[in-house]
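> Quick one: this structure, given as structure tokens, is what I'll be asking you about.
Residue numbers (the working numbering), protein chains in the order written: chain A, -7 to 210; chain B, -7 to 210; chain C, -7 to 210; chain D, -7 to 210; chain E, -7 to 210; chain F, -7 to 210.
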């Protein structure tokens, strides 16, 4: 069961309105590497996990990502200020000013709606943890890109907090992967000599391809 | 901030595996009127609400919908059983058997991924509460359709619980609407005589249209 | 059968070109609460309705929404002017200047294509009429947001007309709902005590949750 | 302005219920080459056309496609019968039985929702008419595929009618193309020797590629 | 089998960075008429073609379109320069500056991700070749729109090359269509008198419709 | 530049038609972890990579994934046989039998079209290589799921080959990651104490949450 506490996980307070950066921050609310994606991926993966410790960790992190989602939404709400002004909001999506009445939508920085196509679930714990480690790294990179493009100290403080939490999750997923590394997809499955070939399918410009080694006689 | 409690909101226990019904139930996990949609709609709407009581109610219900989402996922997981068997899973989506390893995906009964296009947020509280009332009614109807097509007593008991909760939310949203009915979009905005016309744009087959009343001379 | 009359439902004449506002207006052509959505929702709902009066009303309004779609397209076409100038079109979508040759596309203000995911059809007349009432209210709110951000008198006159028509449809749907309020999903369906509980799943920050009432012994 | 006549364009009467074929027919309601796509493509293209005859033809055909959409919806409604029975509806989409209450949804045969990504509009009349000719041919092919897989005489009669109408539209579009063939994209635009080369980028298996003619010295 | 040669098909060198035009050019990388769409359409169509000459041509052109995709990506990469600067990138999509680290994404000019809904495959060679001819014409029109809005000589030279190649493909598809024109969907399929009617479903404003010829007595 | 060789990378020959398994195999052609996704991800990532060895490897593997895509398409084409028979194709998508004329479409096993939302590109080489390692692992898992559900020896031989190639790519990506592990996102970026906390946001059922450590006084 999920519960909500009225206090946010971490205080959010921007220096002042900045609708353009609000649009850019939508990427971490409703984008491919954003907080909703993270929450949904870990929650979805948790449902068939049998290891109680890892299952619990997945749901802990999912709850935290929902709390991050709340924090990013607070950032966006504060940055949007109180005026509809599409003419001044010239970066990326504009639905904020014509559709949602300045409320944060579940869209990315260009206005593309969040989709479950972002979520990776395979039911194989090794594959799923690797997907989570990669997802946290991508989320961290996006926060870095956003951090570099804003001077507002309040925004920077919040991004800094969120970015460090992604790093913390990354370490937890890596530790879990270490624990179960010898199960699931990491076991050999019909590994043959085919997995050891390197197919050089490119060639320096203008030279002839020698394809004879690729098509052995049958 | 969101928190997770290891116990579910309500016990979930199916009589036995039923992969076909598992596929059908996906509609209420990742479909247009499902639990994820409900949770995301109320959470998204809450962020700019100033009335503290209504804001709190929105987040209470959002947390409960996330808990419902967990319950529906448990139902699906139990119904899917333990065997990949796409050949037997002839109703609707088949990703469960080739992609997610029997874990519940964020897709609807036909395999269409969840999208934020399902979520209605306008920043106008009257419009948003009306959207919520309609959403709860649709969710209830879908649960009725599912209930009629399953005999499993455990499944029926859970659907019955969920369906009644939608009704309870509906009543809460209606009460909130009553409280604020004279604000936001319910105020008159440039209402003129145009809002009182009925345009009869259809006609009994074979008769002539009299369009003269629609095109007044300018 | 649908028919087309060469005259528009209402004259459309903008004061002058305004490509930025053209992009914003796309929201009501191809967006979540736009005219195409309205037309498709009422048309789709009509097909299984048995009450001849309500079925007829649905198709009347669907035909009018298609006519509104034509009017919004005329507005956009006039506002786009005659020059491809993506460099000046800095608000929202840019396909108008690189893909459609200034023709209005079925996209929203940020360039997201229209999708049938916007359309709510359940086959239950109460649920469908509630969805329609909520849809008309949202459409009205979006027109208000657009109205506030434009000075062009011709555009304002057309938006004013369209907004009032949404209000008129709203009243028709409410009247129809009154007529059939005791059918369909409004009948009690297994309503138990569960529908009367209020689950308080939030708490003032820092306090302890008392969850004992949520998990009764089984 | 669009109008609706209560009589359908052509009588629709199936021999009996057939939910599987209803699902297959969804392809021509909400699929990539279906009637909604056709109606929206011609309507969208019409808005910037200056030639009054061609503009009128576009809107005539758009209105007819909307009327076809109504006919296909009637077919589906009759074929779905009166019982929710997802367990028997083992072909393609299943939303009909869990979401729409047997009403025809704007989805294709597998349940994918209609999207404006299907619609081709460029604002260049030659390109648009070529797109329309290709679209009509594809629509005809899909009707042929459906015709071959059904014995119901009522269904066959309706498909036969619709298929012949696509052929008729095809001829109209070809005639219009003949009329304006020397305008728009058909004019030479920077045509150089590059447009006359044939790049042979494939080779019989195992042979060497001679790429020297592709990379001339600069 | 596909192979990659390190040299591009044609040298790409822009005069200088231009992030706004980079965003506009995304339309031909990940948009509805872009290079990825072309490559995927011809590759997908080729798989069931029996005519060896046409199958070979399809795969030749598919390989060339992949090479064009590489060229457009090089253009975008050079135009994006080396600085994240969402505040200066005010035209269309902004994911380039917050998500992809200036790498070209598979999105269109407004940030909508590429989708296979753009791809037309029917398995009928006449319909498929007509789709290809129309697709090449649309691609050419989009390149013309882009060409008109850029002064950079390096960009213009590349667009000029690509545009001419579309024209060359167009001629190849037309020639193939001539070769097989009497097969597949071009054969008469149940053509009746219905295909020869013209339904005039529009009327000059204010006049009465005479529908009597449309509803013959049954 | 890409080139096409008429011979496939590896011979493909199924024992006999099996339309149901053809639908299941669509997952690896047009699904979230399929061959098109892999090809597009590596190609897109390659464009801004400066390390010539890694760039070359990315494009080698992209070319091989396109060749795998060709092999999977051949499998599907052979499995679909020569008859449209939607009534017998009761697993997953049905567009094959009503839309594509038995040609393999760029859709997944349930008929959802391929989308670039599957592709992960961040411009940060560490994040991108981690995404690739996770992607290869997921692809391998899906091939295992498919392998287990088919007896056809020809199909099994091809899947076995493809699965082993994913493993080979995985090793290449891991080696590349080892080479550049100290660049890009792996460098410390504002790592503070926040990255070392573990937030325990879950609790055993029925116990009270102690939130005092989460909300330190400010």
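Built from N, CA and C at the ideal position, the CB exists for glycine as well.
What separation, rounded to the nearest whole angstrom, lies between the Cα atoms of residue 153 of chain D and residue 102 of chain D?
The residue given as residue 153 of chain D occupies position 161 in the fourth chain. The residue given as residue 102 of chain D occupies position 110 in the fourth chain. Going by the C-alpha atoms only, they are around 25 angstroms apart.
> What residue does the beta strand (DSSP E) around residue -3 of chain E start on, and which one ends it?
Counting from 1 along the fifth chain, the entry for residue -3 of chain E is found at position 5. Where residue -3 of chain E is concerned, the enclosing beta strand (DSSP E) stretches over -6 to -3.
> To be precise: take each residue of the segment 117 to 133 of chain F, compare its Cβ to all Cβ atoms of chain A, and keep it if any distance is under 7 angstroms. Which residues remain?
From the segment 117 to 133 of chain F, only 118, 119, 122, 123, 125, 126, 129, 130, 132, 133 have a Cβ closer than 7 angstroms to chain A.
> Which partner residues of residue 0 of chain C appear in the DSSP bridge assignment?
In the third chain, the residue the question calls residue 0 of chain C occupies position 8. For residue 0 of chain C, which the question treats as bridged, DSSP gives no partner whatsoever.
> In the DSSP assignment, find the alpha helix (DSSP H) that holds residue 64 of chain B and state where it starts and stops.
Here residue 64 of chain B refers to the residue found at position 72 of the second chain. Residue 64 of chain B -> alpha helix (DSSP H) spans 44 to 72.
> From residue 141 of chain A to residue 135 of chain A, what does the alpha carbon distance come to, in whole angstroms?
Residue 141 of chain A sits at position 149 when you count from the first residue of the first chain. Residue 135 of chain A sits at position 143 when you count from the first residue of the first chain. Their backbone Cα atoms lie some 10 angstroms apart in a straight line.
> Would residue 44 of chain D be called buried (16 or more neighbouring beta carbons within 10 Å of its own) or exposed?
Residue 44 of chain D sits at position 52 when you count from the first residue of the fourth chain. Classification of residue 44 of chain D: exposed, given that the 10 Å Cβ count is below 16.
> Comparing C-alpha positions only, which one of A/66, A/85, A/159, A/97 sits nearest to residue 147 of chain A?
In the first chain, residue 147 of chain A corresponds to position 155, counting from 1. Nearest C-alpha to residue 147 of chain A: A/66.
> Pick out whichever of B/28, B/69, B/75, B/167 has its Cα sitting closest to the Cα of residue 59 of chain B.
Here residue 59 of chain B refers to the residue found at position 67 of the second chain. Here the closest residue by C-alpha is B/28.
> Could you tell me whether the Cβ of residue 146 of chain F comes closer than 8 angstroms to any Cβ of chain D?
As a first step, residue 146 of chain F is located in the sixth chain; it is residue number 154 there, counting from the start. No, because no Cβ of chain D sits closer than 8 angstroms to the Cβ of residue 146 of chain F.
> Beta-carbon separation of residue 88 of chain F and residue 97 of chain F under 8 angstroms?
Translated into the one-based positions of the sixth chain, residue 88 of chain F becomes position 96. Translated into the one-based positions of the sixth chain, residue 97 of chain F becomes position 105. Going by C-beta atoms, residue 88 of chain F is nearer than 8 angstroms to residue 97 of chain F.
> Leaving out five residues on either side along the sequence, give the residues of the same chain with a beta carbon under 6 angstroms from the beta carbon of residue 105 of chain D.
Within the fourth chain, residue 105 of chain D is the residue found at index 113, counting from 1. Around residue 105 of chain D: 99.
> In chain order, what residues of the segment 85 to 108 of chain B put their CB closer than 8 angstroms to some CB of chain F?
Under the 8 angstroms Cβ criterion, the segment 85 to 108 of chain B contributes 85, 86, 87, 89, 90, 91, 93, 99, 102, 103, 104, 105.
> Does the Cβ-Cβ distance between residue 156 of chain B and residue 186 of chain C come in under 8 angstroms?
For the purposes of this step, residue 156 of chain B is taken as the residue at position 164 of the second chain. For the purposes of this step, residue 186 of chain C is taken as the residue at position 194 of the third chain. In this structure, residue 186 of chain C lies closer than 8 angstroms to residue 156 of chain B by Cβ.
> Mind pulling the alpha helix (DSSP H) runs of 4 or more residues that sit fully within the segment 109 to 150 of chain F?
The qualifying runs are 117 to 140.
> Looking at the structure shown, is residue 88 of chain D part of a helix, part of a strand, or coil, going by DSSP?
If you number the fourth chain from 1, residue 88 of chain D lands on position 96. Helix.
> For residue 110 of chain D, go through chain E and note every residue whose CB falls closer than 7 angstroms to its CB, in chain order.
Within the fourth chain, numbered from 1, the residue matching residue 110 of chain D stands at position 118. Per Cβ cutoff of 7 angstroms: 109.
> Is there a Cβ of chain A sitting closer than 8 angstroms to that of residue -4 of chain B, yes or no?
Walking along the second chain from the start, residue -4 of chain B turns up at place 4. Yes, because at least one Cβ of chain A sits closer than 8 angstroms to the Cβ of residue -4 of chain B.
> Which residues of chain E have a Cβ atom closer than 9 angstroms to the Cβ of residue 39 of chain F, listed in chain order?
If you number the sixth chain from 1, residue 39 of chain F lands on position 47. Those within 9 angstroms of residue 39 of chain F in chain E are 62, 65, 66, 68, 69, 95, 96.
> On a CA-only basis, which of B/36, B/37, B/62 is nearest residue 1 of chain B? Give me that one, please.
The residue you call residue 1 of chain B lines up with position 9 of the second chain. Looking at the Cα atoms, B/62 is the closest of the given residues.
> Measuring only the C-alpha atoms, how far is residue 42 of chain A from residue 162 of chain D?
In the first chain, residue 42 of chain A corresponds to position 50, counting from 1. In the fourth chain, residue 162 of chain D corresponds to position 170, counting from 1. Computed Cα separation, rounded: 59 angstroms.
> For residue 47 of chain A and residue 37 of chain A, what's the separation of their Cα atoms in angstroms?
Here residue 47 of chain A corresponds to residue number 55 of the first chain, with the count starting at 1. Here residue 37 of chain A corresponds to residue number 45 of the first chain, with the count starting at 1. If I take the Cα positions, the gap works out to 9 angstroms.
> Please return the same chain residues whose Cβ sits closer than 6 angstroms to the Cβ of residue 84 of chain A, not counting the five positions on each side in sequence.
Translated into positions along the first chain, residue 84 of chain A becomes position 92. Excluding sequence neighbours, residue 84 of chain A sits near 15, 101, 102.
> On a Cα-Cα basis, can you pick out the residue from D/13, D/-4, D/93 that is closest to residue 81 of chain F?
For the purposes of this step, residue 81 of chain F is identified with residue 89 of the sixth chain, where counting begins at 1. That would be D/13, whose Cα lies nearest to the Cα of residue 81 of chain F.
> Per DSSP, residue 172 of chain F forms a beta bridge with which residues?
If you number the sixth chain from 1, residue 172 of chain F lands on position 180. Answer is none; residue 172 of chain F lacks a bridge partner.
> Taking C-beta to C-beta, are residue 40 of chain F and residue 93 of chain F nearer than 8 angstroms?
Here residue 40 of chain F is taken as the residue at index 48 of the sixth chain, counted from 1. Here residue 93 of chain F is taken as the residue at index 101 of the sixth chain, counted from 1. It is not a contact, given that the beta carbons lie outside the stated cut-off.
> Compare the C-alpha of residue 71 of chain D against each of D/149, D/5, D/78 and name the closest.
Taking the fourth chain and counting its residues from 1, the one referred to as residue 71 of chain D is at position 79. The candidate whose alpha carbon is nearest that of residue 71 of chain D is D/5.
> For residue 78 of chain F, decide whether its Cβ has a neighbour in chain D, counting only Cβ atoms nearer than 8 angstroms.
Walking along the sixth chain from the start, residue 78 of chain F turns up at place 86. Cβ-Cβ to chain D under 8 angstroms: yes for residue 78 of chain F.
> Could you tell me which residues DSSP pairs with residue 99 of chain B in its beta bridges?
Counting from 1 along the second chain, the entry for residue 99 of chain B is found at position 107. DSSP output for residue 99 of chain B lists B/105 as bridge partner(s).
> Taking the alpha helix (DSSP H) that residue 20 of chain B belongs to, which residues open and close that run?
The residue given as residue 20 of chain B occupies position 28 in the second chain. Taken as a continuous stretch (DSSP letters only), the alpha helix (DSSP H) holding residue 20 of chain B covers 11 to 22.
> On the three-state DSSP scale, how would you describe residue 157 of chain F?
Your numbering for residue 157 of chain F matches position 165 in the sixth chain. Looking at residue 157 of chain F - three-state DSSP - the assignment turns out to be helix.
> Against chain C, does residue 186 of chain B count as a neighbour if the rule is that its beta carbon must be under 8 angstroms from one of theirs?
Within the second chain, residue 186 of chain B is the residue found at index 194, counting from 1. So, interface residue.
> Output the boundary residues of the alpha helix (DSSP H) element that contains residue 28 of chain B.
Sequence index remark: in the second chain, residue 28 of chain B carries index 36 (1-based). 27 to 38 is the span of the alpha helix (DSSP H), which, as asked, contains residue 28 of chain B.
> Grouping DSSP H, G and I as helix and E and B as strand, with all else coil, what is residue 200 of chain C?
The residue you call residue 200 of chain C lines up with position 208 of the third chain. Low per-residue confidence applies at residue 200 of chain C: pLDDT is 47, beneath 50, and the placement is therefore not dependable enough to give any value.
> What number of angstroms, rounded off, separates the C-alpha of residue 131 of chain E from the C-alpha of residue 111 of chain E?
Looking up residue 131 of chain E in the fifth chain gives position 139. Looking up residue 111 of chain E in the fifth chain gives position 119. Cα-Cα distance, rounded: 13 angstroms.
> Do residue 30 of chain C and residue 119 of chain C have their C-beta atoms closer together than 8 angstroms?
In the third chain, residue 30 of chain C corresponds to position 38, counting from 1. In the third chain, residue 119 of chain C corresponds to position 127, counting from 1. Cβ atoms of residue 30 of chain C and residue 119 of chain C: not closer than 8 angstroms.
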